[in-house]
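Number of protein chains: 4
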Amino acid sequence: MSGKLRKSGTASAGRGGGKDRAAQSAARREAILKAALAEFSAGGFAATRLDDVARRAGVAKGTIYLHFADKEALFQEIVRSMLTPLVGHLENLRNIDVPFRAIAEQIVNLFVSEVLETDRKNIIRLIVAEGPRFPKIAEFHYREVVSRVMAAMQVILQRAVERGEIRHKALAQFPQLLFAPALMTVIWNSLFEQFSPLDARAVLRAHIDILLSERTKP
Amino acid sequence: MSGKLRKSGTASAGRGGGKDRAAQSAARREAILKAALAEFSAGGFAATRLDDVARRAGVAKGTIYLHFADKEALFQEIVRSMLTPLVGHLENLRNIDVPFRAIAEQIVNLFVSEVLETDRKNIIRLIVAEGPRFPKIAEFHYREVVSRVMAAMQVILQRAVERGEIRHKALAQFPQLLFAPALMTVIWNSLFEQFSPLDARAVLRAHIDILLSERTKP
Amino acid sequence: MSGKLRKSGTASAGRGGGKDRAAQSAARREAILKAALAEFSAGGFAATRLDDVARRAGVAKGTIYLHFADKEALFQEIVRSMLTPLVGHLENLRNIDVPFRAIAEQIVNLFVSEVLETDRKNIIRLIVAEGPRFPKIAEFHYREVVSRVMAAMQVILQRAVERGEIRHKALAQFPQLLFAPALMTVIWNSLFEQFSPLDARAVLRAHIDILLSERTKP
Amino acid sequence: MSGKLRKSGTASAGRGGGKDRAAQSAARREAILKAALAEFSAGGFAATRLDDVARRAGVAKGTIYLHFADKEALFQEIVRSMLTPLVGHLENLRNIDVPFRAIAEQIVNLFVSEVLETDRKNIIRLIVAEGPRFPKIAEFHYREVVSRVMAAMQVILQRAVERGEIRHKALAQFPQLLFAPALMTVIWNSLFEQFSPLDARAVLRAHIDILLSERTKP
DNA sequence: GATGAATGAGGGTTCATTCAT
DNA sequence: TATGAATGAACCCTCATTCAT
């Protein structure tokens, strides 16, 4: 979304108005990525036509090949770049010292605002849908996203168990259980929203309540 | 590999063994469905070539069209026929009067043996992957599978809440939470099994334990 | 389905009612020809499917191949057999000694009742349409139909000229001019009948009047 | 024969010689139309393969689809564009004040030089052959060609009758009779030229003589 | 003979990729 | 660098023909 190198500096030229060549090129690259994300989300890898991507991006078909080696490279670029920015956020939660409920609520907020309410929800569906056909994508996400998030969660959950905030030790063993409802909401709404929309925030809050059910009122 | 040279053998039987024409035709239909399921599972709808389906089924390409109108009809037939048989089983659980834990264990067993350990796990991934592109499929599964199962679960969960087996009333409101971990295991293993296989039975048992966490050992 | 050899000869059997095997076979052959004519007329050679011919004839597709070597043979059989019966009639007109107008009227009547009002009009269109692709058909019709009719007409026209019934010697040189309006009516109505039907009998009568315009009322 | 090895030559020019892209594209379109006309003429609509059209035009198969939506659109474009340019000429004859014989001779000349001696003769056969299968084509030609020409001829013939140049009022009623021999020559030569070529100019002149047979030398 | 399920070559159409401008 | 016309391999589907029953 912003120029990457900006070597020149002075003159403005080209049709873009005030941008120099490098900035224009970067802007084109971003436009292609954005358009491709929309098209891949709507149709999956195979059903997406680069013609449509180009039209949506406002560039010529050949221009795509100036920025990406081929259709698959474009696809992988998108799929890889969308989720990784969130990983750091989630990993950082490991380092703050607040009650688990607070962390859980932050995770929910992050998930709703950065995934469910953005194109990232489609990325998740794309990974599920195309992963088996693109082993590299599955491998990348396991290595760069899933395993790192799971590791961080394990630390957090372990600490919560030790503090007595969570009674279920199994949760620390299977941090996947923490995210299962989040995955569910993404998939449910992608398929069934028109029939019966699912209020993600409510579902995820209910999920936290279940996990945190204290031995309170004895 | 096909036709032309077969000189048959025992004179009394065609290549089908002891089958008559109708049975052979039905067997071919099944072979096609089986092959198509395998190919669609591996590559999704668009990337699957009917040539490969035919080869895998051991029939000629044209034979597919004797049984199915076109590629999409074949796809829908597969996707529609695989899950519906399970719906009745799940609905029947509503009518038996046993503790919720017993029902939950039956659901886990059913899910593991009839979904995770069969091709049905691929069907679920196919629905997630192709549903947005085939609205009929999403609509069909909402109507014939999901909404019916959700309704049955709601009854069961409601009863469990009333009996005090479950404290979390939210569960009855969001029966999706009951199945979220099951969906998670399907997707996890389809993507990451080679990196870190998930023991579905253990995960689901842990999930039940969490839901049923009694105020017991205080 | 039925006994295999049936040497006898007397009894009637089979599904046909009172027909013996040979008669049934012949009836099937006729049914196929009739159905094929209808289908070829509607769609031309290439667009006609033997499936449709078989269905219309009430036989199985394979049965067609018991009577005809292949699709082209069936086509040629139809195209060849339809017009030849008329050739004799036209040739015989050479031998009767009546005024030309009487002969011309007979030709008109024959053409209207045996061509325009029957499937033969479609055969003519088929020959025009497919002739260039089936040189044998063009050759056959030139040899067996057109050249013979033209020869007979030439004799008749020559005699009419000598008798002073027709002043235009060119007619005897180009007997095609005699038939041009007949061909026109066939083609016109096959293409434009729904927009502006042409009264064939009226057109052909007018044509005769023109040819026979005497120097009468001076 | 195509692409791949061409290394261009004079550096300044592509393979098209001195043409710019638009001109080259138009030239390709024309080449496709020309090739398609030849192929359709030889085999009719159904029997023509776009592969052959492309090869004859010297383009790739896909190039056809840059210019025409599909096979039928290509066919209709050809069939529609070939005859309409002649309509205006024929209609204009209505406005010139010369003896009918002169007009008739112009029509003959036009027909021979612009139809019989060009590809248009094949178009006429194509319309006859495929018209019933493509109602739009029949409708188009009735509306844009035939009805307009017939109307113009009616005016001309009517005037000739009033002037006493033609005695046969029926001609004005059935202007089709004027063109019947022309149609005949097209069809005759398309089918039988190799057996017995018909001298179109001679036939058509004879036809005019017949129509104009004056009450002269009594 | 009669059947019709099965075959598989063939053709229309699409679309990722290239390359002359 | 950007363009988009051109390419041609690939794939769905049809249908003439075959052959086991």
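Protein chains in written order, with numbering that gives the first Met the number 0: chain U, 0 to 217; chain V, 0 to 217; chain R, 0 to 217; chain E, 0 to 217.
Think of the CB as a built atom: it goes at the ideal place given N, C-alpha and C, for glycine as much as any other residue.
Self-check item: Proximal chain R residues relative to Ser189(E), where beta-carbon distance stays under 9 Å
Solution: Your numbering for residue 189(E) matches position 190 in the fourth sequence. Residues of chain R passing the Cβ test: Val127, Gly130, Pro131, Ala137.
Exercise. Report buried or exposed for Val148(E), applying the criterion of at least 16 other Cβ atoms within 10 angstroms of its Cβ.
Key: As a position in the fourth sequence, residue 148(E) is number 149, starting the count at 1. Buried, by the Cβ-count rule.
Quiz item: For Ser40(E), does the count of other Cβ atoms within 10 angstroms reach 16, so buried, or fall short, so exposed?
Solution: Taking the first residue of the fourth sequence as position 1, residue 40(E) is located at position 41. By the neighbour-count rule (16 or more Cβ atoms within 10 Å), Ser40(E) is buried.
Self-check item: Rounded distance between the beta-carbons of Ala35(R) and Val52(R), thought under 8 Å
Solution: Within the third sequence, the letter at position 53 stands for residue 52(R). Within the third sequence, the letter at position 36 stands for residue 35(R). Yes, they are in contact, since the Cβ atoms of Val52(R) and Ala35(R) sit about 5 Å apart, within 8 Å.
Quiz item: Of all the CB atoms in chain E, is at least one closer than 7 Å to the CB of Gln153(R)?
Solution: The residue labelled residue 153(R) in the question sits at position 154 within the third sequence. It does not: the Cβ of Gln153(R) has no partner Cβ on chain E nearer than 7 Å.
Quiz item: Do Leu73(U) and Lys60(U) have their C-beta atoms within less than 7 Å of each other?
Solution: As a position in the first sequence, residue 73(U) is number 74, starting the count at 1. As a position in the first sequence, residue 60(U) is number 61, starting the count at 1. Cβ atoms of Leu73(U) and Lys60(U): not closer than 7 Å.
Quiz item: So which residues of chain V does Gln175(U) contact, with C-beta pairs closer than 9 Å?
Solution: Along the first sequence, one-based indexing puts residue 175(U) at 176. By Cβ distance, chain V contributes Pro180, Met183, Thr184, Trp187, Leu197, Val202.
Quiz item: Is it buried or exposed for Asn121(V), if we count other Cβ within 10 angstroms and need 16 for buried?
Solution: Locating residue 121(V) in the second sequence gives position 122, counting from the first residue. Asn121(V) counts as buried, since at least 16 other C-beta atoms from the protein chains shown sit within 10 angstroms of its C-beta.
Self-check item: Straight-line Cα distance separating Thr184(V) from Arg55(V)
Solution: Numbered from its first residue, the second sequence carries residue 55(V) at position 56. Numbered from its first residue, the second sequence carries residue 184(V) at position 185. Arg55(V) and Thr184(V): Cα-Cα distance of roughly 29 Å.
Quiz prompt | Met152(R) to Ile31(R) span [Cα, whole Å] | solution = Here residue 152(R) corresponds to residue number 153 of the third sequence, with the count starting at 1. Here residue 31(R) corresponds to residue number 32 of the third sequence, with the count starting at 1. Per the coordinates, the alpha-carbon of Met152(R) lies some 35 Å from the alpha-carbon of Ile31(R).
Quiz item: Taking only beta-carbon atoms, is Ile209(V) less than 7 Å away from chain U?
Solution: Here the question's residue 209(V) lines up with position 210 in the second sequence. Chain U, which has a Cβ nearer than 7 Å to the Cβ of Ile209(V), makes this yes.
Quiz item: Any residues in the segment 37-62 of chain R with a beta carbon nearer than 7 Å to a beta carbon of chain E? Which ones, in chain order?
Solution: Gly42, Gly43, Ala45, Ala46
Exercise. Would you please state the rounded distance, in angstroms, between the beta carbons of Phe139(V) and Arg79(V)? I believe it to be under 8 Å.
Key: On the second sequence, position 140 is the one that residue 139(V) refers to. On the second sequence, position 80 is the one that residue 79(V) refers to. Phe139(V) to Arg79(V), Cβ: 6 Å. Contact.
Quiz item: If you run the structure through DSSP and keep just helix, strand and coil, what is Ser195(U)?
Solution: Taking the first sequence and counting its residues from 1, the one referred to as residue 195(U) is at position 196. Ser195(U): coil per DSSP, three-state reduction.
Quiz item: Is the CB-CB distance between Val111(R) and Arg200(R) below 7 Å?
Solution: Reading the third sequence from its first residue, position 112 is the one you call residue 111(R). Reading the third sequence from its first residue, position 201 is the one you call residue 200(R). Against a cut-off of 7 Å, the Cβ pair of Arg200(R) and Val111(R) comes out as a contact.
Quiz prompt | From Trp187(U), Leu182(U), Ala205(U), Ser24(U), residue whose alpha carbon lies closest to that of Tyr64(U) | solution = Position 65 of the first sequence, counting from 1, holds the residue named residue 64(U). Closest option to Tyr64(U), Cα to Cα, is Ser24(U).
Quiz prompt | Cβ shell of His230(U) (< 7 Å), same chain only, five flanking positions each side left out | solution = This structure cannot settle anything about residue 230(U), because the visible part of chain U is limited to 0 through 217.
Exercise. Could you tell me which of Leu115(R), Ile155(R), Leu190(R) sits nearest to Ile95(R), measuring between CA atoms?
Key: Within the third sequence, the letter at position 96 stands for residue 95(R). Among Leu115(R), Ile155(R), Leu190(R), the Cα nearest to that of Ile95(R) belongs to Ile155(R).
Quiz item: Between Phe67(U) and chain V, is there a C-beta pair that is closer than 7 Å?
Solution: If you number the first sequence from 1, residue 67(U) lands on position 68. By this cut-off, Phe67(U) is not an interface position.
Exercise. Residues of the segment 140-169 of chain U with a CB closer than 7 Å to any CB of chain V: list them in chain order, please.
Key: Tyr141, Val145, Arg166, His167, Ala169
Quiz item: Does the beta-carbon distance from Val144(U) to Val86(U) come in below 7 Å?
Solution: To locate residue 144(U), count along the first sequence from 1; it is residue 145. To locate residue 86(U), count along the first sequence from 1; it is residue 87. It is a contact, given that the beta carbons lie within the stated cut-off.
Quiz prompt | Positions along the segment 18-34 of chain U whose CB lies within less than 8 Å of some CB in chain V | solution = none
Exercise. Kindly indicate which three-state DSSP category Gly61(U) falls into: helix, strand or coil?
Key: To locate residue 61(U), count along the first sequence from 1; it is residue 62. Correct three-state label for Gly61(U): helix.
Self-check item: Contacts that Phe194(R) makes with chain E (C-beta to C-beta distance below 9 Å)
Solution: Along the third sequence, read from residue 1 onward, the residue named residue 194(R) stands at position 195. Near Phe194(R) (Cβ distances below 9 Å), the residues of chain E are Ala137, Glu138, Tyr141, Arg142, Val145, Ser146.
Quiz item: In or out: Pro174(E) buried (at least 16 other Cβ within 10 Å) or exposed?
Solution: Here residue 174(E) refers to the residue found at position 175 of the fourth sequence. Buried, by the Cβ-count rule.
Self-check item: Spatial distance of Pro196(U) from Glu113(V) (CA atoms)
Solution: Sequence index remark: in the first sequence, residue 196(U) carries index 197 (1-based). Sequence index remark: in the second sequence, residue 113(V) carries index 114 (1-based). Pro196(U) and Glu113(V): Cα-Cα distance of roughly 28 Å.
Quiz prompt | Contact with chain E by Ala205(R), beta-carbon distance below 7 Å | solution = Within the third sequence, numbered from 1, the residue matching residue 205(R) stands at position 206. So yes, Ala205(R) belongs to the interface.
Practice problem: Closer than 9 Å by beta-carbon distance: list the chain U residues that pair up with Arg119(V), in chain order. | Solution: Reading the second sequence from its first residue, position 120 is the one you call residue 119(V). Residues of chain U passing the Cβ test: none, with the nearest at roughly 15 Å.
Quiz item: Comparing alpha-carbon positions, which option in Lys70(R), Phe44(R), Arg124(R), Ala150(R) lies nearest Glu90(R)?
Solution: Residue numbering aside, residue 90(R) sits at position 91 when the third sequence is read from its first letter. Glu90(R) has its Cα closest to that of Ala150(R), out of Lys70(R), Phe44(R), Arg124(R), Ala150(R).
Exercise. Return yes when the Cβ of Leu125(R) is within less than 7 Å of the Cβ of Gly299(E), no when it is not.
Key: Outside the shown range of chain E (0 to 217) lies residue 299(E), about which nothing can therefore be said.
Quiz item: In chain R, which residues lie less than 8 Å from Arg124(E) when you measure between Cβ atoms?
Solution: Numbered from 1 along the fourth sequence, position 125 holds the residue referred to as residue 124(E). Going along chain R in sequence order, the residues near Arg124(E) (Cβ under 8 Å) are Val127, Ala128, Pro131.
Practice problem: Could you check if Ala21(V) is buried or exposed, using at least 16 other CB atoms within 10 Å of its CB as the buried criterion? | Solution: On the second sequence, residue 21(V) is found 22 positions in, with the first residue counted as 1. Label assigned to Ala21(V): exposed.
Quiz prompt | Integer-rounded CB distance, given that Ile209(U) should sit under 8 Å from Asn169(V) | solution = Along the second sequence, read from residue 1 onward, the residue named residue 169(V) stands at position 170. Along the first sequence, read from residue 1 onward, the residue named residue 209(U) stands at position 210. Note that residue 169(V) is Ala in the sequence shown here, rather than Asn. Contact flag correct, Cβ pair sits at about 7 Å.
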